[in-house]
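> When we follow the working numbering, the leftmost residue of the sequence shown carries the number 495, and every step to the right adds one. Every residue, glycine too, gets a C-beta built ideally from N, C-alpha and C.
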Amino acid sequence: MTRPSEPMLSRREALAMGALGVAATVGGCVSTTELTAAPDIRFRRDLPISPVLAPKKVDASGAHYEIEQREAKVSILPGVETTAWTYNGTFPGPTIRAKRGTPTILRCTNNLDTLTVVHLHGGRVPSESDGFPMDVILPKNFDNLAALCGPGTDLSKIQATIGNTRTYIYPNDQRAATLWYHDHCMGGAGRNTYMGLLGFYILEDEEEAGLSLPRGAQDIPIMIATRRLTRTGELEYQHHGHLGAGGGMMLANGAPWPRLAVERRKYRFRLLNADNSEPLELALEGDRPFVQIATDGGLLDAPVTLTRLPLAMAERVEIVVDFATCRAGETIIVRNLRGEGPLSEVMRFDVVGDSVRDEATVPARLSQIERLRPEDAVRVREFVFGAKPYFALRFPPIYWTINGNRFDPERVDAAPKYGDIEIWRFIRQKTIFPTMCHPPHVHLVNFQVLERDGKPPLPHERGWKDTAALEFDQSVTVIMRFDGYRGRYLLHCHNLEHEDHDMMARFDVV
């Protein structure tokens, strides 16, 4: 692919870029005027593409991968080194491309100085490999678990590995989909993920391969997140009293406001909102239409044409953009309609070259989706996402709760029977934080949205999903079948600071 040359940033420009990232906030406190008065730092870097991790071996048991969690110096701002907590030294981590029916055996070694847990988000996996928050991997230089966990931690509930390695087994017995892996440590998922412990996991199957969708260099995963950097270029984790660690610079695949050179043809983009706390609403400049082909759990039954795409934290969507009608030299900015100032833009497409032969198509029928019927549900449950007062000298003086309860890993809040179909209703309790989003995420199973505030689901959420946006005073009703595996799993808010401060509930499939 042809890319325009990349002008170099001076160290002064790079540090100014970092200062801008520190100053920008969720509400966009850096105005457009202030942004344009600073050195022009947008669209100066090419979109990075994370390397695909090669298996160490493939045998009858599956594909064997090894990942090391370690500190590394990465380049977020050109010319400035940033210390990140990484998988195999890259930010984001390497992409794992797996095949349906071939298990992934992932051996993870923790060479950081903190507890970690790996969770395959969207994975249909056995309980012991799901990444329950208490199933920690100890650091290499472990001396004192109590000191590491902090005061108030019930060490009897920690189930640590012996040594600093753990092996996760992912059967990959599910539809092709864009998944991702990230940290899920009790009380530390927000910080660990913010510091760099996240990466794509792309599952492929024969049904998807049989379609003529864009592939190869035209199949591009894009991970969107915000990060704050200090004036010296280091990641600065500020969770604002566990409201959420958002704001700062807008990153795509770890680069601030990057650009991507595209030919005049169709491209498939796998979009992930990997932010700790910032919901997005994406649109192409000029309200150009694009086609959605998949959501969290894989292909839709038919494509959907959109001009705007809401994307809560942890949601994934796959879209196809056709640049065939664009002119060479044309630029198209990807906008975030929920952001202000520098957070209102994500990245830019730069159209290059002459027209090319493009054999990729988007078929009118993508897949066949089994529709679960409400009349087959054996039970309806309600889960209210809210807050509980906590009298302490901090702001906000609350813990985040589900059904009024703080998370207790020993308490089972639901026990669906294996194979049962249930309807779950997620309700957002009114609080003094009206713009805050609580995206419920259910481990193990995918669900289908039945209703949103008593109305049909939004166009972009009509396939299989594992995460849903829950905005102010909203309710979302979903239906799911509890199959795959028995054991303990989680329902939780995917604002990671809310998760860390107890907005989780355990359910057991029995």
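Quick check: Gln670 and Glu698, are their CB atoms within less than 9 Å of each other?
Translated into positions along the sequence shown, residue 670 becomes position 176. Translated into positions along the sequence shown, residue 698 becomes position 204. In the sequence under discussion, the amino acid at residue 670 is Ala, which differs from the Gln named in the question. Cβ distance < 9 Å, so Ala670 and Glu698 count as in contact.
> Is the number of C-beta pairs between the segment 607-620 and the segment 705-721 that are closer than 8 Å three or more?
Segments in contact, no.
> From which residue to which residue does the beta strand (DSSP E) around Glu575 run?
Position 81 of the sequence shown holds residue 575. Per DSSP, Glu575 belongs to no beta strand (DSSP E) and is neither H nor E.
> So which of Val574, Phe537, Gly693 and Pro665 has the shortest CA-CA distance to Val546?
Taking the sequence shown and counting its residues from 1, the one referred to as residue 546 is at position 52. Answer by Cα proximity: Gly693.
> Hey, His1018 and Phe901: beta-carbon distance below 9 Å or not?
Past the edges of the chain, shown from 495 to 1004, lies residue 1018, and the structure says nothing about it.
> With distance defined between alpha-carbon atoms, name the residue in Leu765, His558, Gly880 and Glu775 nearest to Asp790.
Counted from its first residue, the sequence shown places residue 790 at position 296. Closest option to Asp790, Cα to Cα, is Leu765.
> Go ahead and label Leu794 buried or exposed: buried means 16 or more other beta carbons lie within 10 angstroms of its beta carbon, across all protein chains shown.
Within the sequence shown, numbered from 1, the residue matching residue 794 stands at position 300. Looking at its Cβ environment, which holds 16 or more other Cβ atoms inside 10 Å, Leu794 is buried.
> Can you list, in chain order, the stretches of the alpha helix (DSSP H) that have 4 or more residues and sit fully within the segment 872-955?
With a minimum length of 4 residues, no continuous alpha helix (DSSP H) run stays inside the segment 872-955.
> Can you find at least 3 beta carbon pairs, one from the segment 988-999 and one from the segment 931-941, that sit closer than 8 Å?
The segment 988-999 is in contact with the segment 931-941.
> Can you say whether Gln862 is buried or exposed, counting buried as having 16 or more other CB atoms within 10 angstroms of its CB?
As a first step, residue 862 must be located in the sequence shown, where it is residue number 368. When all chains shown are included, Gln862 counts as exposed.
> Can you check which of these residues, His676, Leu737, Leu600 and Met974, is closest to Glu869 by C-alpha distance?
The count along the sequence shown starts at 1 and reaches residue 869 at position 375. Nearest C-alpha to Glu869: Met974.
> Apply the 10 Å Cβ neighbour rule to Leu606 and answer buried if 16 or more other Cβ atoms are within range, or exposed otherwise.
Walking along the sequence shown from the start, residue 606 turns up at place 112. Leu606 should be labelled buried.
> Going straight from the alpha carbon of Gly898 to that of Arg829, what length do you get?
Against the sequence shown, residue 898 aligns to sequence position 404. Against the sequence shown, residue 829 aligns to sequence position 335. Cα-Cα distance, rounded: 37 Å.
> Which class does Gly710 belong to by DSSP, given the choice of helix, strand or coil?
For the purposes of this step, residue 710 is taken as residue 216 along the sequence shown, with counting starting at 1. Reduced to three states, the DSSP call for Gly710 is helix.
> State the DSSP-derived secondary structure class of His992, mapped to helix, strand or coil.
Translated into positions along the sequence shown, residue 992 becomes position 498. Three-state DSSP puts His992 in a helix.
> Can you check DSSP and say which residues form a bridge with Val568?
The count along the sequence shown starts at 1 and reaches residue 568 at position 74. For Val568, which the question treats as bridged, DSSP gives the partners Thr576.
> Grab the span of the alpha helix (DSSP H) containing Tyr979 for me, first residue to last.
Within the sequence shown, numbered from 1, the residue matching residue 979 stands at position 485. Taken as a continuous stretch (DSSP letters only), Tyr979 belongs to no alpha helix (DSSP H), as it is neither H nor E.
> Give the straight-line distance between the Cα atoms of Met628 and Asn635, rounded to the nearest whole angstrom.
Indexing the sequence shown from 1 puts residue 628 at position 134. Indexing the sequence shown from 1 puts residue 635 at position 141. Those two C-alpha atoms are separated by around 19 Å.
> Could you have a look at Asn686 and say whether DSSP puts it in helix, strand or coil?
Here residue 686 refers to the residue found at position 192 of the sequence shown. Asn686 falls in the helix class under three-state DSSP.
> Just the Cα atoms here: how many angstroms apart are Pro1010 and Arg709?
Within the shown structure, residues of the chain are numbered from 495 to 1004, placing residue 1010 beyond reach of any answer.
> If you count every other CB in all the chains shown that lies within 10 Å of the CB of Ala808, and 16 or more means buried, which is it?
One-based indexing of the sequence shown puts residue 808 at position 314. Ala808 is buried by the Cβ-count criterion.
> Looking only at C-alpha atoms, which of Ile921, Arg564 and Gly595 sits nearest to Glu701?
As a first step, residue 701 is located in the sequence shown; it is residue number 207 there, counting from the start. Considering only alpha carbons, the answer is Gly595.
> Between the C-alpha atoms of Val1003 and Tyr979, what's the straight-line distance to the nearest angstrom?
Position 509 of the sequence shown, counted from the start, is the residue given in the question as residue 1003. Position 485 of the sequence shown, counted from the start, is the residue given in the question as residue 979. If I take the Cα positions, the gap works out to 7 Å.
> Taking just the CA atoms, how far does Leu609 sit from Pro953?
Position 459 of the sequence shown, counting from 1, holds the residue named residue 953. Position 115 of the sequence shown, counting from 1, holds the residue named residue 609. Cα to Cα, the separation comes out at about 40 Å.
> Can you tell me where the alpha helix (DSSP H) holding Glu702 begins and where it ends?
Position 208 of the sequence shown, counting from 1, holds the residue named residue 702. Element bounds for Glu702: Glu700 to Ala703.
> Determine the direct distance from the alpha carbon of Phe885 to that of Pro588, and round the result to whole angstroms.
Within the sequence shown, numbered from 1, the residue matching residue 588 stands at position 94. Within the sequence shown, numbered from 1, the residue matching residue 885 stands at position 391. When rounded, the distance between both Cα atoms is 43 Å.
> Whose C-alpha, out of Arg982, Asp977 and Lys959, is nearest the C-alpha of Leu971?
By 1-based counting over the sequence shown, the position of residue 971 is 477. Per the sequence presented here, residue 971 reads as Thr, with Leu not at that position. The option with the nearest alpha carbon to Thr971 is Lys959.
> Once the 5 residues before and after Arg810 are set aside, which same chain residues still bring their CB inside 6 Å of it?
Indexing the sequence shown from 1 puts residue 810 at position 316. Closer than 6 Å at the Cβ level, and outside the excluded window around Arg810, lie Thr672, Leu766 and Asp790.
> Please name the residue or residues paired with Ile696 in a DSSP beta bridge.
For the purposes of this step, residue 696 is identified with residue 202 of the sequence shown, where counting begins at 1. For Ile696, which the question treats as bridged, DSSP gives the partners Arg591 and Thr672.
> Starting from Val756, trace the beta strand (DSSP E) in both directions and tell me its first and last residue.
Against the sequence shown, residue 756 aligns to sequence position 262. Arg753 to Arg758 is the extent of the beta strand (DSSP E) around Val756.
> Could you name the residues of the same chain whose beta carbon sits closer than 8 Å to that of Phe889, not counting the 5 residues immediately before and after it, in chain order?
Within the sequence shown, the letter at position 395 stands for residue 889. Answer for Phe889: Gly735, listed in chain order.
> Please state if the CB of Glu965 and the CB of Pro773 are separated by a distance shorter than 9 Å.
Within the sequence shown, residue 773 is the residue found at index 279, counting from 1. Within the sequence shown, residue 965 is the residue found at index 471, counting from 1. A contact, by the Cβ cut-off of 9 Å.
> Which residue from His937, Ile787 and Ala962 puts its Cα closest to that of Asp947?
Translated into positions along the sequence shown, residue 947 becomes position 453. Here the closest residue by C-alpha is Ala962.
> How should Arg539 be labelled, buried or exposed, when 16 other C-beta atoms within 10 angstroms of its C-beta is the threshold for buried?
What you label residue 539 is simply residue 45 of the sequence shown in a count that begins at 1. It is buried - the Cβ of Arg539 has at least 16 other Cβ atoms within 10 Å.
> Please report the residue range of the beta strand (DSSP E) in which Pro804 lies.
Your numbering for residue 804 matches position 310 in the sequence shown. Here the beta strand (DSSP E) through Pro804 covers Leu803 to Leu805.
> Checking 9 Å against the spacing of the C-beta atoms, do Leu860 and Pro797 come in under that value?
In the sequence shown, residue 860 corresponds to position 366, counting from 1. In the sequence shown, residue 797 corresponds to position 303, counting from 1. Contact: yes.
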